[in-house]
Amino acid sequence: MERLMKRLCEPWISSHYRYVCVFCLCTQIVWGLDQVTLLNPPQEPLPGHLLEVLYSCDEPATVQLDFIVSFDTGVTSTLLLRQWRCIPSDPKIRTLELNLPDWLVYQADGIVPDSQWVLSCFLLASVRYSGFDDSERSVAAQDVATLQPKPFFNRPVKRHLLCIAWSTQMLQLTEWFSKKQCPLEQETVHLLSLIYASTGESFGITKTLEPYSSELLEYLRVKAISFPWCMFSIWIFVTRHCQNNMCGVFHHIDSHNNYVTPTLFLTNSGQLHIQMNGESEESSAFLTPFKVPLSEWCQIDVILHGRMVTVSMVCMDNEQRRVHSMELMLTHSVVLDDTEGYFVIGGGRYIRGVEGYFGPLVYYRNRISPHSMSEAVLPDVIRTVNLTGWLQTCQAFRLEMTMKIRGYSFQAKQGTQSGKTCVDAFWEWMPKDGLPSESQCELWEATVPQRKQAAKLARLLAFQHGERRVSLAAVGRALYSLSLHKLSRASSTAVVSRILPLLLQAGCLADDRALHMSSVLYSTGLGVKKQPNKAWLLALLAAQKDDRLALLHLGHLHHQGLSRDPDLAYAYYANIAKQTTLDRHNPTPQQTFVEAVYLNNDEVLKLQTSEDHHLFQWLKLQARRGAAEAEQAIARMLFWGQQGVSPNIQEAVRHYERGAVQWEDPTSMYDYGVVLLEGQGVEKDIPKAVTFLKKAMEKGFVPAITALAWYYEQYEQDYKQAVQLWEQADLLKCPEAALNLGVVHSQGLYPGKAADQFMAYQYYLKSAERGHIRGAVHLADIWTTGIPGRVNRRPSDAVVWVKWAAEHNGYLGSILRKALDSYLKSDMVSSLLYYMMAAESGYAAAQFNVAYLCEQNGFDFLDPGFATNCMWRYYNLTIQSQNPDKYALIRMGDLLYEGQGDGQKDLLSAAEMYTLAALRNEPQGWYNLGLLAEEGFRLPLSILTDLGLSELYLADDTLLRSALYKRCRDTEDTDSALPCSLALFKVYLQSFQKDHSAAIKFFTAVAVVAAPMIFLIVLAVLRRPIRSLS
C-alpha cells in the first residue's frame, strides 16, 4: 500500500463536486434535546457509592449505565450496570447504588478472584433510542467519568456477610492456591552457558548470587558456610600460556576487595594455582601437579567437601580423554559465603585473564554432580561452534603457506622462477606443447584451486621482498586487500560467494578484519547462505584477537540478540569502551570520528566534503580571513577525520596554532594548549601549553580550567590547586572536572580526605550524565559490582553505559566513513556491506542505513526477497534503539500494515508504530492513523490514551478522524499542511452528507423537478419582442 500524503494532493474536486454543491444548497440544522450527566461520579472504584444521574429525552428512550475497563494485555471490557426507561419530560435525577465488580474494588482473598492489571476504567451514561440496531448510531447523548483504579494491595479487604458452603469454599481456595508456585531456587547455577572469548586483558564476566527464598534452603546454606559441600565445573580452552606470573580463570572477591574461596589462577608454567580461605584470616594455596594444555577443551572441576578439596581435569583431543586429579586435606576449615561479594570469570580489576575461551561454567551450590570425569562429554554449545575443527584446518593451511613462502623465496634468491606459479605454467603448456599430464611442480608447489590466489600472492611477495620480509600475516593482509578490491568493482552481491574463501584464508593468516567481515556475511546471508553458528565462531576468533568491531558485534549479540546475557555483553562492551578512551588519546589514521549520518537526510549528505571539495576550500578561505568558527571547523575535521576529511593531525595542529596566535580564539587556544601538553602532532612544550591554557581560561573557556588542573596534578603534584580548579569547573557543569574529582576521591588523593568510593561514584554519575566517555566507563564499572551498603548492583544499566561509550570508538567511525564514501560514489555493494558490519555491532544509524539501502535497492543490486527481509530485520532493529528515527517508525508501520510473506496484516502493531511517530510530532504518523480509522480499524483505548484522545474512544468515527487530521495539519511541517487539510475537508464533507442525507435528497429532487420549468420561463423571457425606441 502506498501510504504517503501525496495521494490526497492529486486532483479530486471532480469526484466530490456533488458534496460541494450539496454543502452550498443545504441550510437545515437539526438540534437535539437529549441529555445525560453524571453528577457525582467517584474518583476511584468504591463499594456502594450512590451515584446521581441527570437525564432527559425528546422521545421515549432508554438510559444505560456502562462500566468500561482496559487491561494491560490490550483487552477492553464493557460491563452493563443499569438500564431504565426515559419518558419525555423535564430533566430528572435518578439515584442508584453503584455495584462494581469485587475484583476491581477489593483485594483477592480466594473468594474474591484475582484480576489482570487494570490500566484505566470509566463510567459511561448514555441515552439510546429503540428501533435501531445495537450500534453507536442509537446513542443520542452520553457522558463519561474517569475512575482511577487502585493498586492491588491498596484496596480494602471485603467482609463476607454470608458463609458459603464448605465444599464450594474448598474448591475456590484450591483453584486459588493451585496458581501459587514455589519460587525457582538457584541450587544449580549456570554462571556461564555460552562461550566467552577472553583477550587476556583485565576484562571478565561478573556474577553475583542472591540468598535462597526458601527459609529451609537459606538456613542450610548459612549453616554450610564454614563446611561447604559444593562443586564448580569450568570448561576452558587456552590458546597461549599466561604472560604474567598468573592469569585469572575464576575468582571470588569479597566486600573488602580480598580474594576468597574459591580462587583459580593459571600460572605461566601452565599449572593451576588454587586458593582457599578459612576463618580467622587463615588461607591456603597450592599448585596442581598437572598442567592445562594448549588448544584443547578441558573441563576443570573443583569439589569442596569440608576441609577436603578435590581438583580434577579432563581434556578432549579428537574424542580422546586424558583425566588428571588430585586431593588435598587442608589444615583449616574452608569458608565459602557465595552471597558475599562477587565472582569473576576471566580477568578482573586486579588480574589479567587467560588468553583463550571459556565454555559453560556450572556451580552446584549444595551438592556434587553425580557424573564422573570419565563420563564427561563436550557441551552442545562447544560442539556447535566447532572451534577445534577450524583451528585444525587453519593450522594445515598455515603450514602449507609457510612451505610455499620458503620455496618461492629460495627460487627468488636463485633466480630460477619467471614469476609464474607452476600450476599456471602447466595449464598454459598443455595445449601448445603437448606435455605429458604428470605435474611439473615440486611437491610444495601443488595447490588446490581454492588456494590459488593465496599461492599467487605468496609468490609475488616472495619475489618482491624475499623471505625475511614475507610473513603469513603479510599474505593475509594481501588477501584481504584483494577481496576489497574485487568487492568495489562488483555490481551485485554475486561476487560475495567468490571473495568469501579469500576472506576466510586471510582470517586464518591472522587478519582479524577478514574474520569479522566473514562473520557478518554468514550472519546476514548477504550473497551466501546464512549460517549463524559459523558467524558466531568467526566473531569469537576475531574478538579473542581483540578486534574492536568483533567485540562490539558479540556485545550486541548478547545484549539484544537471541543469546541474551547482560553480564557477558558487559564483558565485551567494557573491553572496547576502555580501548575507546585510550584510542581517543592516541589518534591514528585508521580511526575516524563516529558520525551518525542517515542516508535519508539530504541536508547532512550535502555537508560531506573532502580536502578538494568546494565546501572545505571555502572554509579555508574564511579561516584565512579571520573567521574563528571556520578555523575551528577545519582543525576539528583534520584532527578527528570528520565530514569526509582524512585525518591529518599535523595539519590540524597548524590550524589550532593560527586560531590561537593570530585570532586569539579561546577554543583554539585550548585545543592548541592540549596538543602541546600531550605532544600530539607537535613536540611537547609544557610552558607554552600552560600559557595558552591560562589565556583561554581568562576568556571564560571552561574546559581550559580542567586542563590547567590536570597540569597541576600531573606536573606540579599540587593536588590542592588541581582540586580547587576542578571544583570551580564542576560548578560550571564541566564533565571532565566531575570525572577527575571522582578519580581523586576514589584513589584517596583529595587533600585532607580519605578514599571515598561513594563520593567518587556520585562524581562519575555526574560526568557520565554530562556526556563524558571515561565517566560512563567508571560508572558502569561500579554498577557491575555495586558498593556494599551504598550502591546496588545494576548490570543492565551498566551495559547501556559501556555500549554508549564503546560506540564512540574510532575504528567503528572508520567503517562508517567507508560505507558513506562508497554510497556517495554509488558503490552500493560495498556501502551495504560496510554498513552491515556496523549494524551487526548494534549501531542504530547503520541499522537504519542498511534498511534504507535495501528499501531503495538502487540499480537492483539485491534480490527482491533478500531486500524485503533486510528491510524487515533492520527497520525492526532500528526502532528498538533509544531514539529511533521517525522515518523508521513509519516504514515499520507500513511493513506491518502490508504483511510479510503470507500477507497477514498486523494493524494493531502498525497503529502502535504510527503512534510513536505521531508522539514525536511526525505528521505522517497522524495521517496514517487517520487512514486506519477511515478504513474501519478501531484504535484501541491504550493508543488513544497515549495520544491524549481517550475521550474519543466511544465517539463517532468522524470526530476521531477530524482530531487526527487536525493534529496532522497543525504540526510544524509546512509540507504536510495541504494534504492534511484536504483530508480534514473530506471528513467534513462526508460528515455533512451523513447528517443531512434527507435534506440533500429533498433539495436534489426539487432542483430536478423545478429545473425544466425555470428553463422554460427564462427562455420565454429572452424570446419576448422588444419595442423600438422610435
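Residue numbers (the numbering used here): 153 to 1182. Built from N, CA and C at the ideal position, the CB exists for glycine as well. Since this is a predicted model, take the numbers as computed values, not measurements.
Item: Proximity below 9 Å, CB of proline 818 to CB of phenylalanine 853; Value: yes
Item: Histidine 637, buried or exposed, once every other Cβ within 10 Å from all chains shown has been counted against 16; Value: exposed
Item: For alanine 606 and glycine 571, the rounded distance between their alpha carbons; Value: In this prediction, glycine 571 scores a pLDDT of 44, lower than 50, which makes its location untrustworthy; the coordinate-derived value is nonetheless stated afterwards. If you take the alpha carbons of glycine 571 and alanine 606, they lie about 14 Å apart.
Item: Anticipated Cβ contact below 8 Å, alanine 990 with isoleucine 967, distance rounded; Value: 5 Å
Item: Limits of the beta strand (DSSP E) - the one that cysteine 209 falls within; Value: Careful: cysteine 209 lies outside any beta strand (DSSP E) and carries neither H nor E.
Item: Lysine 98: first and last residue of the uninterrupted beta strand (DSSP E) it sits in; Value: The structure shown has nothing for residue 98, since the chain only spans 153 to 1182.
Item: C-beta atoms of threonine 1067 and aspartate 1098 nearer than 9 Å; Value: yes
Item: Distance, glutamate 367 Cα to histidine 403 Cα; Value: 28 Å
Item: N-terminal and C-terminal residue of the beta strand (DSSP E) that asparagine 429 is part of; Value: 423-429
Item: DSSP three-state assignment for arginine 473, whether helix, strand or coil; Value: strand
Item: Where threonine 225 sits in the DSSP three-state scheme; Value: coil
Item: C-alpha distance - lysine 565 paired with leucine 613, whole-angstrom precision; Value: 13 Å
Item: Through-space distance from serine 675 to leucine 779, alpha-carbon basis; Value: For the sequence presented, residue 779 should be read as alanine rather than leucine. Cα-Cα distance, rounded: 49 Å.
Item: Contact set for serine 898: own chain, Cβ-Cβ below 7 Å, skip 5 residues either direction; Value: Ala907, Gln909, Ala912
Item: Contacts around glutamine 760, its chain only, beta-carbon distance under 8 Å, and the 5 residues preceding and following it disregarded; Value: Val749, Gln795, Gly796, Leu972, Leu976
Item: Simplified DSSP state of histidine 807, which is helix, strand or coil; Value: helix
Item: Bridge partners - glutamate 1074, DSSP secondary structure assignment; Value: Partner(s): none; glutamate 1074 has no beta bridge.
Item: Limits of the alpha helix (DSSP H) - the one that serine 436 falls within; Value: Note, serine 436: premise wrong, no alpha helix (DSSP H); beta strand (DSSP E) at 435-443.
Item: contact_flag[the stretch 737-744, the stretch 949-960] where n(CB pairs < 8 Å) is 3 or more; Value: no
Item: Tryptophan 688 to proline 512 span [Cα, whole Å]; Value: 16 Å
Item: Between the CA atoms of alanine 928 and serine 278 - distance to the nearest angstrom; Value: 57 Å
Item: Inter-residue Cα distance where the pair is threonine 413 and proline 522; Value: 22 Å
Item: CA-to-CA distance, glycine 831 to alanine 548, given in whole angstroms; Value: 46 Å
Item: Residue from Met988, Phe1011, Asp1012 whose Cα sits closest to the Cα of alanine 1003; Value: Met988
Item: Contact set for tyrosine 724: own chain, Cβ-Cβ below 6 Å, skip 5 residues either direction; Value: Leu703, Leu706, Gly707
Item: Beta-carbon proximity check, leucine 206 vs leucine 250, cutoff 9 Å; Value: no
Item: Phenylalanine 1144 (DSSP reduced to helix, strand or coil); Value: helix
Item: Backbone secondary structure at serine 633 - three-state DSSP; Value: helix
Item: Cα-Cα separation, tyrosine 1049 to alanine 1019; Value: 18 Å
Item: Where the alpha helix (DSSP H) through serine 982 begins and ends; Value: 980-991
Item: Assigned exposure category for serine 365 - 16 Cβ within 10 Å defines buried; Value: exposed
Item: Candidates Pro855, Gly894, Trp953: closest to alanine 881 by CA position; Value: Pro855
Item: Cβ-based neighbour list, valine 182, same chain, cut-off 7 Å, excluding 5 preceding and 5 following; Value: Per-residue confidence for valine 182 stands at a pLDDT of 36, beneath the threshold of 50, marking its modelled position as unreliable; the derived number appears in the next sentence. Nothing listed; no residue qualifies.
Item: Status (buried if at least 16 other CB within 10 Å, exposed otherwise) for aspartate 186; Value: buried
Item: As assigned by DSSP and simplified to three states, the class of proline 414; Value: strand
Item: Chain D contact for valine 412 (CB, 9 Å cutoff); Value: Absent from the structure: chain D. Only one protein chain is present.
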